[in-house]
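S.K.: Encoded as structure tokens, here's the structure I'll be asking about.
In this note's numbering, the protein residues as written are 37 to 705.
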């Protein structure tokens with residue numbers, strides 16, 4: 037076959053392909069290859085025809101042979117790209133990317149439009165494969181090409197925005213290089229915006245700041261971006277909100293952070309992050325009740341701040357709302373999920389605070405939960421504070437040996453740790469070894485004088501040690517006063533002061549003031565509430581007694597606050613108001629249906645009201661619960677007599693006289 041015949045055969049092959057006669061084309065090409073086995077065009081045409089005949093392997097082989105012959109010729113590379121782009125081609129994305137890279141190289145010095153088209157295709161391919169670094173680097177090449185061609189600012193702005201779109205999902209699988217490329221794209225997009233300030237620019241800035249907040253190491257850049265946006269958009273609260281959340285999460289509550297909280301709260305008093313920031317400011321200023329109120333409100337308005345739950349728990353702990361503090365710690369732990377980096381530190385802090393709070397609840401179940409929380413703290417074994425807490429939890433659970441072992445180990449390894457001496461003190465106190473407990477608590481106070489709990493326990497140690505230390509003003513009283521001064525929310529310290537003034541000093545008025553304060557701080561403290569009411573009655577101040585009782589019964593859920601219902605019921609009974617007495621005594625019995633004295637008082641109230649049948653049932657119930665209540669049995673007999681049940685009455689009177697021969701009312705009856 038002459039050179040002329042080869043050219044004619046190739047022309048025939050081209051015409052056959054144009055006419056979609058692919059088999060015919062293959063014949064002509066094979067004829068050429070018999071003569072010239074390294075004919076580039078023949079191999080390209082075979083690739084084209086085989087691809088159309090759904091023979092991808094043959095097509096791929098033909099194109100690769102052509103590329104081998106002429107690596108820098110376009111046709112075979114284009115054909116291979118078209119082949120790999122077909123929907124029936126799977127597992128070729130890596131090969132296709134290589135083909136696109138070669139096409140970019142070949143188009144670079146020539147057809148710029150085709151170069152851009154291939155560049156777009158390559159970026160799309162990388163994006164599908166989630167190869168974000170390659171996406172960013174390839175797109176930057178496209179932007180550079182456009183810049184060299186003198187593209188308008190508006191076109192470049194759109195290209196940078198497109199790059200942001202392409203990379204926005206990359207922050208999920210944090211890669212530092214991709215992150216930097218994304219942030220660079222944001223900065224270029226912001227700098228190339230047309231209308232500044234303007235709505236599009238404002239939204240872009242918000243996205244930029246939101247993106248920056250996901251990179252813990254970009255603190256300086258985040259702060260700068262927020263300040264720059266505030267300068268451009270002074271009425272927008274968004275950058276301040278992000279900055280506040282950043283400060284909250286970082287745990288660095290500097291003057292700068294507190295100023296930021298105040299500024300946001302003044303700008304927008306309804307902003308969730310602003311209210312949270314104000315709450316944290318209150319916490320640092322020891323305004324604990326305000327802190328609880330603000331943090332609770334702020335958390336209802338934003339779910340972007342798991343750390344705020346920790347601060348809320350801390351504030352609740354300070355005012356001894358222990359059960360609420362445990363719930364807040366649980367919320368913090370749930371919101372933090374399975375964290376890494378800074379969040380892991382917050383998780384450890386939340387677990388430790390939860391354990392501390394559960395230990396204050398001081399029952400075996402709470403102690404078990406505290407031990408579980410401490411076990412979840414990462415690297416807890418090396419932390420002496422965690423060990424001290426574990427010792428207290430074991431003590432609350434009644435595991436004295438484990439608690440003592442931890443105490444001894446801590447005193448050896450950390451002799452200057454106040455918590456180690458305090459743990460030893462708690463163990464001695466629980467065993468009534470008051471002299472050893474005194475030494476331990478004095479050591480703990482020497483190491484950390486500002487802890488109210490240590491002073492309170494030293495005071496209790498003196499209270500139970502002997503009559504002498506109980507009555508000595510410089511012992512128990514002094515320690516209770518110090519505890520109350522150091523922690524004005526510690527209700528139990530005021531209760532113990534009440535005990536001192538009532539039982540030792542005989543100062544009923546001062547004692548009542550202490551009990552009232554204790555009860556105001558902890559409305560579940562029945563001992564203080566009852567003592568305040570009883571002392572008010574003894575002091576002739578019935579209004580004060582009723583005020584306390586009315587407040588408690590007004591808030592009480594059904595089946596609770598028995599002591600308050602009982603006290604008020606007895607007051608109504610004494611003052612001739614039997615209907616009110618009946619209602620209150622019934623409420624007391626809902627809280628404790630087995631109180632025989634309460635049933636007896638209810639019988640008396642029904643009797644005074646003239647409800648004889650129900651009075652009889654109440655007295656009978658009282659004597660069933662406590663057969664020693666002679667008065668209830670006598671009242672039942674008297675009512676049977678009034679109701680004309682004479683035989684029953686006689687039998688009941690005789691029953692009384694068997695036990696108490698000279699019981700005059702029964703003889704009379």
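All C-beta atoms, glycine included, are put in the ideal place defined by N, C-alpha and C. Because the structure is a prediction, the values reported are computed rather than measured.
(1) Can you tell me the Cα-Cα spacing of residue 140 and residue 153, whole angstroms?
(2) By a C-beta neighbour count over all protein chains shown, 10 Å radius and 16 as the cutoff for buried, is residue 638 buried or exposed?
(3) Output the distance between the C-alpha atoms of residue 214 and residue 117, rounded to the nearest integer angstrom.
(4) If we count the other Cβ atoms within 10 Å of its Cβ and call it buried at 16 or more, is residue 45 buried or exposed?
(5) Is the CB-CB distance between residue 32 and residue 88 below 9 Å?
(6) Would you call residue 448 buried or exposed, if buried means 16 or more other Cβ atoms sit within 10 Å of its Cβ?
(7) In whole angstroms, give me the CA-to-CA distance for residue 656 and residue 618.
(8) Whole angstroms are fine: how far does the CA of residue 248 sit from the CA of residue 488?
(9) Under three-state DSSP, which class holds residue 684?
(10) Just to confirm my understanding: we take residue 155, look at its own chain, exclude 5 residues before and 5 after, and list those with CB closer than 7 Å. What are they?
(11) Once the 5 residues before and after residue 413 are set aside, which same chain residues still bring their CB inside 7 Å of it?
(12) Do residue 348 and residue 373 have their C-beta atoms closer together than 9 Å?
(13) Under a three-way DSSP split, which group does residue 663 fall into?
(14) Does DSSP put residue 593 in a helix, in a strand, or in coil?
(15) In three-state DSSP terms, what is residue 231?
(16) Report the CB separation of residue 520 from residue 526 in whole angstroms; it is logged as a contact under 8 Å.
(17) Should residue 654 and residue 667 be called a contact, given that it needs their Cβ atoms to be closer than 9 Å?
(18) Within the continuous alpha helix (DSSP H) that includes residue 250, where are the two ends?
(19) Rank 592, 540, 598 and 546 by C-alpha distance to the C-alpha of residue 563 and give the top, closest one.
(20) How would you label residue 49, buried or exposed, when you count the other beta carbons within 10 angstroms and need 16 or more for buried?
(21) Please state whether DSSP places residue 451 in a helix, a strand or coil.
(22) Buried or exposed, going by whether 16 or more other CB atoms sit within 10 Å of the CB of residue 436?
(23) For the pair the region 457-474 and the region 424-438, tell me if three or more CB-CB distances fall below 8 Å.
(24) Do residue 602 and residue 624 have their C-beta atoms closer together than 9 Å?
(25) Which residue spans inside the region 439-525 form an unbroken alpha helix (DSSP H) run of at least 4?
(26) Do residue 237 and residue 231 have their beta-carbon atoms positioned less than 9 Å apart in this structure?
(27) So the alpha helix (DSSP H) residue 618 belongs to, where does it begin and stop?
(28) My understanding is that residue 358 touches residue 393, with C-beta atoms under 8 Å, so please give their C-beta distance in whole angstroms.
(29) For residue 561, does the count of other Cβ atoms within 10 angstroms reach 16, so buried, or fall short, so exposed?
(30) Which one of 272, 200 and 277 has the shortest CA to CA distance from residue 163?
(31) Counting C-beta neighbours from all protein chains within 10 Å, is the total for residue 702 16 or more, i.e. buried, or is it exposed?
(32) Quick one: residues in its chain with C-beta nearer than 7 Å to the C-beta of residue 308, no 5 flanking neighbours on either side, listed in chain order?
(33) In the region 341-414, which residue ranges form an unbroken beta strand (DSSP E) of at least 3 residues, counting only runs that do not cross its ends?
M.R.: In short, the structure shows the following:
(1) For the purposes of this step, residue 140 is identified with residue 104 of the chain shown, where counting begins at 1. For the purposes of this step, residue 153 is identified with residue 117 of the chain shown, where counting begins at 1. If you take the alpha carbons of residue 140 and residue 153, they lie about 9 Å apart.
(2) Residue numbering aside, residue 638 sits at position 602 when the chain shown is read from its first letter. Its Cβ being crowded by 16 or more others within 10 Å, residue 638 is buried.
(3) For the purposes of this step, residue 214 is taken as residue 178 along the chain shown, with counting starting at 1. For the purposes of this step, residue 117 is taken as residue 81 along the chain shown, with counting starting at 1. Their backbone Cα atoms lie some 27 Å apart in a straight line.
(4) Taking the first residue of the chain shown as position 1, residue 45 is located at position 9. Residue environment: residue 45 is assigned as buried (16 or more neighbouring CB atoms within 10 Å of its CB, all protein chains considered).
(5) Given a span of 37 to 705 for the chain in the structure shown, any question on residue 32 remains unanswerable.
(6) The residue given as residue 448 occupies position 412 in the chain shown. By the neighbour-count criterion, in which 16 or more other beta carbons inside 10 Å mark a residue as buried, residue 448 falls on the exposed side.
(7) Numbered from its first residue, the chain shown carries residue 656 at position 620. Numbered from its first residue, the chain shown carries residue 618 at position 582. Taking the straight line from one Cα to the other gives about 16 Å.
(8) Your numbering for residue 488 matches position 452 in the chain shown. Your numbering for residue 248 matches position 212 in the chain shown. Computed Cα separation, rounded: 43 Å.
(9) The residue labelled residue 684 in the question sits at position 648 within the chain shown. The answer is helix: DSSP assigns residue 684 an H, G or I state.
(10) Here residue 155 refers to the residue found at position 119 of the chain shown. Hits under 7 Å: 140, 174, 177 and 178.
(11) For this step, residue 413 is matched to residue 377 along the chain shown. Excluding the 5 residues flanking it on each side, residue 413 has same chain C-beta neighbours closer than 7 Å at 384, 387, 388 and 422, in chain order.
(12) On the chain shown, position 312 is the one that residue 348 refers to. On the chain shown, position 337 is the one that residue 373 refers to. No, the pair does not count as a contact, with Cβ atoms beyond the cut-off.
(13) Position 627 of the chain shown holds residue 663. It is coil, neither helix nor strand.
(14) Here residue 593 refers to the residue found at position 557 when the chain shown is read from its first residue. Residue state, collapsed to three classes: coil.
(15) As a position in the chain shown, residue 231 is number 195, starting the count at 1. The answer is coil: DSSP assigns residue 231 none of H, G, I, E or B.
(16) Here residue 520 corresponds to residue number 484 of the chain shown, with the count starting at 1. Here residue 526 corresponds to residue number 490 of the chain shown, with the count starting at 1. In this structure residue 520 touches residue 526 by the C-beta definition: roughly 6 Å separates them, less than 8 Å.
(17) Counted from its first residue, the chain shown places residue 654 at position 618. Counted from its first residue, the chain shown places residue 667 at position 631. Taking 9 Å as the Cβ cut-off, residue 654 and residue 667 do not qualify as a contacting pair.
(18) Along the chain shown, read from residue 1 onward, the residue named residue 250 stands at position 214. DSSP places residue 250 outside any alpha helix (DSSP H), giving it a letter other than H or E.
(19) Against the chain shown, residue 563 aligns to sequence position 527. Answer by Cα proximity: 598.
(20) Walking along the chain shown from the start, residue 49 turns up at place 13. Buried, since its Cβ has 16 or more Cβ neighbours within 10 Å.
(21) On the chain shown, position 415 is the one that residue 451 refers to. Coil at residue 451, not helix or strand.
(22) For the purposes of this step, residue 436 is taken as the residue at position 400 of the chain shown. Counting C-beta atoms within 10 angstroms of its own C-beta, residue 436 has fewer than 16 neighbours from the protein chains shown and is therefore classed as exposed.
(23) With a cut-off of 8 Å on Cβ pairs, the region 457-474 is in contact with the region 424-438, counting three or more such pairs.
(24) As a working mapping, residue 602 is identified with position 566 in the chain shown. As a working mapping, residue 624 is identified with position 588 in the chain shown. Yes, the pair counts as a contact, with Cβ atoms nearer than the cut-off.
(25) Counting whole runs of 4 or more residues, the region 439-525 contains the alpha helix (DSSP H) stretches 454-466, 470-483, 488-501, 503-507 and 514-522.
(26) By one-based count along the chain shown, residue 231 stands at place 195. By one-based count along the chain shown, residue 237 stands at place 201. Going by C-beta atoms, residue 231 is nearer than 9 Å to residue 237.
(27) Stepping through the chain shown from its first residue, residue 618 is reached at position 582. Residue 618: member of the alpha helix (DSSP H) spanning 614-627, first to last residue.
(28) Within the chain shown, residue 358 is the residue found at index 322, counting from 1. Within the chain shown, residue 393 is the residue found at index 357, counting from 1. At roughly 5 Å, the Cβ-Cβ gap stays under 8 Å, so residue 358 and residue 393 are in contact.
(29) As a first step, residue 561 must be located in the chain shown, where it is residue number 525. When all chains shown are included, residue 561 counts as buried.
(30) Looking up residue 163 in the chain shown gives position 127. Residue 200 is the option with its Cα nearest to residue 163.
(31) Start at 1 with the first residue of the chain shown, and residue 702 comes out as number 666. Residue placement at residue 702 cannot be trusted, given a pLDDT of 47 that sits under 50; what the coordinates show is reported in the next sentence. Residue 702 comes out buried.
(32) The residue labelled residue 308 in the question sits at position 272 within the chain shown. Closer than 7 Å at the Cβ level, and outside the excluded window around residue 308, lie 334, 337 and 338.
(33) Listed in chain order, there is nothing to give.
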